[in-house]
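*Asks:* Sharing a structure with you now.
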Amino acid sequence: MSDEKKLCLSGKGVTKVFGVGRRKTVAVDHVDFNFYEGEIISIVGESGSGKTTLAKMLLGLINETEGDIYFQGEKRDIGSHRKKKKYWKSIQAIFQDPFSAYNTFNKIDTVLLDCIRMRGGGRLPHEQKVAMMTEACSFVNLKFAELTNKYPFELSGGQQQRLMIARIFLLKPKILLADEPTSMIDACSRATILDMLMQLRDEIGMTPIFITHDIGLAYYVSDSVYIMEHGRFVESGSADEVILRPKEPYTKRLLNDVPKIYEEWDLSTV
Ligand SMILES: Nc1ncnc2c1ncn2[C@@H]1O[C@H](COP(=O)(O)OP(=O)(O)O)[C@@H](O)[C@H]1O
Ligand SMILES: [Mg+2]
145 MSDEKKLCLS
155 GKGVTKVFGV
165 GRRKTVAVDH
175 VDFNFYEGEI
185 ISIVGESGSG
195 KTTLAKMLLG
205 LINETEGDIY
215 FQGEKRDIGS
225 HRKKKKYWKS
235 IQAIFQDPFS
245 AYNTFNKIDT
255 VLLDCIRMRG
265 GGRLPHEQKV
275 AMMTEACSFV
285 NLKFAELTNK
295 YPFELSGGQQ
305 QRLMIARIFL
315 LKPKILLADE
325 PTSMIDACSR
335 ATILDMLMQL
345 RDEIGMTPIF
355 ITHDIGLAYY
365 VSDSVYIMEH
375 GRFVESGSAD
385 EVILRPKEPY
395 TKRLLNDVPK
405 IYEEWDLSTV
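Just so we're aligned: the sequence shown equals residues 145 to 414 in this note's numbering.
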């Protein structure tokens, strides 16, 4: 990494509390983080540790109860709908359940055309839009001609997941939050999905943030790792530092579940 690392997303004391009184849940508890442009980041923790809640705050889908989030070094301002829409040109997400990402009533064409519109291409000639959609679909090994006039729910889980990545190809966000993106699919397409995301990182300079319970995946893909337990970051640093020389018992426990972490992963056999 060069000396002039640029901050893309950072936070100080970011906290989310759900409910009040005895029903209070502190889902995210005063986390600090510095995510740099071009770095591959993983946030790792068990189910219920607060990963998705943090992702939703980073996206601006829910408000933080306390603390501040900074985008490209400046305090984030997404107070109005217009500012939020502008922010969403820079940060996008793919979620665990691809189906939840789609509005059931929109055909695939609409899903993809919306992405082109968001990037300011709403008035392009129709043929050019079709060419862009065709390119995005072929990037993820889908055929646009076979998808046109269909609904996302008519696709298989793996195809839906790839359609999500086709959206990202069109949207070209600066930051992509991938919340357990590969947990629904088999190991083979998992490698393909990761490969596509890495290719997007190189081609469009996107900073991917992986959110996962799988510390093996985190080691395999990331530069920096943040370990999350009960809403807190208990350990963070370079992937080698955190995973090969863990200090926290929680990190060691997560690593116990991964038998082959020290060996080079051989994706040809998965
Ligand atoms: N909308 C909500 N209302 C109340 N509690 C919530 C809500 N969303 C999440 N939680 C709680 O916050 C904690 C963290 O959840 P979550 O962020 O989904 O964890 P993870 O993604 O790591 O599994 C859990 O205890 C969960 O029950
Ligand atoms: Mg989650």
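Idealized CB from N, CA, C, for every residue including glycine.
Per DSSP, what are the beta-bridge partners of S154 in this structure?
*Replies:* According to DSSP, which records beta bridges pairwise, S154 is partnered with N178 and Y214.
*Asks:* Is L314 near I252, with beta carbons less than 8 Å apart?
*Replies:* Going by C-beta atoms, L314 is not nearer than 8 Å to I252.
*Asks:* Around the Cβ of A275, are there at least 16 other Cβ atoms within 10 angstroms (buried) or fewer (exposed)?
*Replies:* Exposed is the label assigned to A275, since fewer than 16 other Cβ atoms lie within 10 Å of its Cβ.
*Asks:* Could you give the first and the last residue of the continuous alpha helix (DSSP H) run that contains S282?
*Replies:* H270 to F283
*Asks:* Output the residue ranges of the beta strand (DSSP E) runs that lie fully inside the segment 336-369 and measure 3 residues or longer, sorted by chain position.
*Replies:* 351-356
*Asks:* Would you say the segment 206-220 touches the segment 383-398, given that touching needs at least three Cβ pairs under 8 Å?
*Replies:* no
*Asks:* Kindly indicate which three-state DSSP category G163 falls into: helix, strand or coil?
*Replies:* coil
*Asks:* Between which residues of its own chain and V386 is the CB-CB distance below 8 Å, once the five residues before and five after are set aside?
*Replies:* V369, I371, E379, S380 and T395
*Asks:* Using a threshold of 8 Å, state whether the C-beta atoms of A199 and I355 are closer than that.
*Replies:* yes
*Asks:* How about D173 and K156: do their beta carbons lie closer than 8 Å?
*Replies:* 8 Å or more divides the Cβ of D173 from the Cβ of K156.
*Asks:* Compute the distance between the beta-carbons of H357 and V188, then report whether it is under 8 Å.
*Replies:* Between H357 and V188, the C-beta gap is smaller than 8 Å, which places the two residues in contact.
*Asks:* Would you say the beta carbon of K195 comes nearer than 7 Å to a heavy atom of ligand 2?
*Replies:* yes
*Asks:* Taking P183 as the reference, which of D401, M342 and R397 has the closest Cα?
*Replies:* The sequence shown places Glu at residue 183, not Pro. The residue with the shortest Cα to Cα distance from E183 is M342.
*Asks:* Just reading off the alpha helix (DSSP H) that F313 is part of, what are its end residues?
*Replies:* G301 to L315
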